[in-house]
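Line by line, the protein sequences are chains A and B.
In terms of this note's numbering, the first sequence is residues 1 to 226.
In terms of this note's numbering, the second sequence is residues 1001 to 1254.
Don't be surprised by glycine CBs; every beta carbon is placed ideally from N, CA and C.
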Amino acid sequence: MIPSTGSAFVALIRRDLMLSYRHRNELLNPLLFFVIVVTLFPLGTSPEKELLQTMAPGVIWVAALLAAMLSLDSLFKADYEDGTLEQLLLSQHSNALLVLAKIFSHWLVTGVPIILLAPLLGLFMFLPAEGIKTLMLTLLLGTPILSLVGAIGMGLTLGLNRGGMLLSLLVLPLYIPVLIFSASAVDASLAGLEIKGQLYFLGALLALSITLAPIAAATALKISIE
Amino acid sequence: MKLPAILHKFSSPRNFYSMSGKLIPWLAWGFGLTLLAGLYTGFFVAPPDYQQGESYRIMFVHVPAAWMSMFIYVVMATSAAIGLIWRIKTADLMASMSAPIGAAFTFIALVTGSLWGKPMWGTYWVWDARLTSELVLLFLYLGFIALQASIEDPRNAARAGAVLAIVGVVNIPIIHYSVEWWSTLHQGATVSKLDKPSIHITMLIPLLLMAISFKLYYLASVLMRGRGEVLRREQNSRWVKDIVAAETQSGGVK
C-alpha cells in the first residue's frame, strides 16, 4: 500500500530525527562553533561592557548565520551518498514537501539548539533580559529561514567536490535581509523601541521562504543528482 | 506554453552563429557611435553642475553602468529560466555568457561610485544603501559564475545556475529594500544624500546616449562570447567543421 503524502512527511521527519539522535555528537559541532565565534569577539576587541553590548546583536547573529551555514552540511549529504535522496526524489510524493520535511527536522536539531544557547551568549555580551528575549524571538523566526534558504544552496552544491566554500558564497548574500531585520530588532529593543515592524518582516520572509524555498531546493537536488 | 517561432529559429546553435554574425557589426558600430556622441556631449556640451561642478560628469559612466548591472541580471535570470523550462541551449548560453559582463558592469559601477564619493562625501566608501546593494549584487554574480565554473557538465551547470539566478531575482528586491531600510536606520544623518533635482535636458541626453551605448556594447559582446562558446561546444558537429575548413582555406583561421 502506498502511504499518503502526510504520513510520508511524518515518517521522514521521524526517521531524520532518529538518525540525528544516533549521531548526536555531530550536532554539537555547529553549536560549539557558535559559542567559540562569539567568545572571540571580546578577546579581539575589549571586554568593556558598553562596547560589547552595542556589538552584541550583530555579533551573535553573524555567529548564528555562520553556524547555521556550517550545519547545512548534514542536511542532505549522508542521504545523497547512500542513495536515499535519490529514492526520495523518485517517490510519487511531492518532492518539495519531502524536502520541506527534511529541512524541518534539520531545523529541529540545529536551529532550535542555537535558539536555546542564545541566552548564554547574550549574557557573555552583557545583553539585558529584554534584549535576550528579542534575540530569541528573532532567532525563532530567523533560523528556519536560514535552513530553508540554505537548503537551496546545499542542493546546488551537493555533488561538487569543493562545495563548502562555494556554499558560503551562494548562501551568505541571501542571508543579508534576515541579519538586518533581526539585528536591528534586538538593537531597537535595547533602545526601548517598538520591534513589531522587524518581526513582521521576518515573519513575511519566513512565509515566503516556506512556500518557495522547498520547491527551489527540490529542483536543485534533482539537478545535482542527475 | 509555446515560444514564438523566431526564438526557435534563433535557438538552434547553427542559426544563432550565423544570425549573430550578421548582427554584431551593426551593434558594434552603434556602440562606437553612441559612445563617442555620449562622451562628447557629456564632457563638452553638458554644463557643470551648480552644486557638484565638474565632478558629476562621472555620472555618465556610473549611472548607465549601474543600470546595466541590474538589467543584465534580469536578462540573465530570464534567459536562464527559459533555458531551464524549454531546454533551449542558446538561452543557457546567453545566461552564462552574460554573467561576467554583468559582474564587470557592477564592478565599474562600484568603482566609479566610490571615485565619485570621494569629492562628494569626502570618503571612498560609505555604507550607503545603493552602494551596499550593488556590492551584494556583485556577490550574487560571482556566486553564479563560481557555481557554473565548478560544475563540469555544461547542461547541469546551466540548470543549476538557472535555479540560482531565479532565486537571486526573487531576492534582489528584498535585499535592496532591507539594505535601504538598514541604512536609513543607521546613517540617515551622516550620509548627505544627493538631492535629486529633476535632471536638465543637456545632462539627460548624454546620459541616455551612454545608456544606449552600454546596452549595445552588452549585446555585441554577449553575442561575440556566445559565438565563441557555440563553436567550442559544437566543435564535433558538421557545420562547425565546415566553417573551420572554409576559414582555414581562406587563411582566416590558422
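Item: Which of the three DSSP states is assigned to G1083/B in this structure?; Value: helix
Item: Determine the chain A residues that contact R1159/B at a beta-carbon separation under 7 Å, and present them in chain order.; Value: I223
Item: Starting from L230/A, follow the alpha helix (DSSP H) in both directions and report where the run begins and ends.; Value: Residue 230/A is absent from the structure shown; chain A starts at 1 and stops at 226.
Item: Report yes if the C-beta distance between F1214/B and A1065/B is below 8 Å; otherwise report no.; Value: yes
Item: Express the C-alpha separation of L1140/B and S7/A in angstroms, rounding to a whole number.; Value: 38 Å
Item: So, is D1128/B buried or exposed, given that buried needs 16 or more other C-beta atoms within 10 angstroms?; Value: buried
Item: For S977/B, return the contacting residues in chain A, with the cut-off set at a CB-CB distance below 8 Å.; Value: A question about residue 977/B goes unanswered here, because the residues of chain B that appear run from 1001 up to 1254.
Item: Under 8 Å between the Cβ atoms of I103/A and L139/A?; Value: no
Item: Using only the alpha-carbon positions, how far apart do P128/A and G142/A sit?; Value: 21 Å
Item: Consider the Cβ of E50/A: report whether some Cβ of chain B lies at a distance smaller than 8 Å.; Value: no
Item: Are the segment 1136-1151 of chain B and the segment 150-160 of chain A touching by the rule of at least three beta carbon pairs closer than 8 Å?; Value: yes
Item: State the start and end residues of the unbroken alpha helix (DSSP H) segment that holds W107/A.; Value: 95-124
Item: Is the shortest distance between the beta-carbon of P42/A and the beta-carbons of chain B less than 8 Å?; Value: no
Item: At a Cβ threshold of 8 Å, is S1098/B touching chain A?; Value: no
Item: First and last residue of the alpha helix (DSSP H) that includes F1043/B?; Value: Unbroken run through F1043/B: none, as it is neither H nor E.
Item: Give the interface partners of A216/A over in chain B, defined as CB-CB distance under 8 Å, in chain order.; Value: V1163, I1166, V1167
Item: Specify the secondary structure class of K1193/B as computed by DSSP and reduced to three states.; Value: Because the pLDDT at K1193/B is just 45, under 50, the model does not fix this residue reliably, and the point stays unresolved.
Item: With DSSP as the reference, label P1122/B as helix, strand or coil.; Value: The sequence given here has Gly at residue 1122/B, not Pro. The answer is coil: DSSP assigns G1122/B none of H, G, I, E or B.
Item: Considering W1239/B, what are the terminal residues of the alpha helix (DSSP H) in which it resides?; Value: 1238-1250
Item: For chain A, is any of its Cβ atoms less than 8 Å away from the one on L1231/B?; Value: no
Item: Please give the ranges of any alpha helix (DSSP H) in the segment 190-226 of chain A, keeping only runs that are unbroken, at least 4 residues long and fully inside the region.; Value: 196-225
Item: Is L1110/B close to chain A? Criterion is C-beta to C-beta, closer than 8 Å.; Value: no
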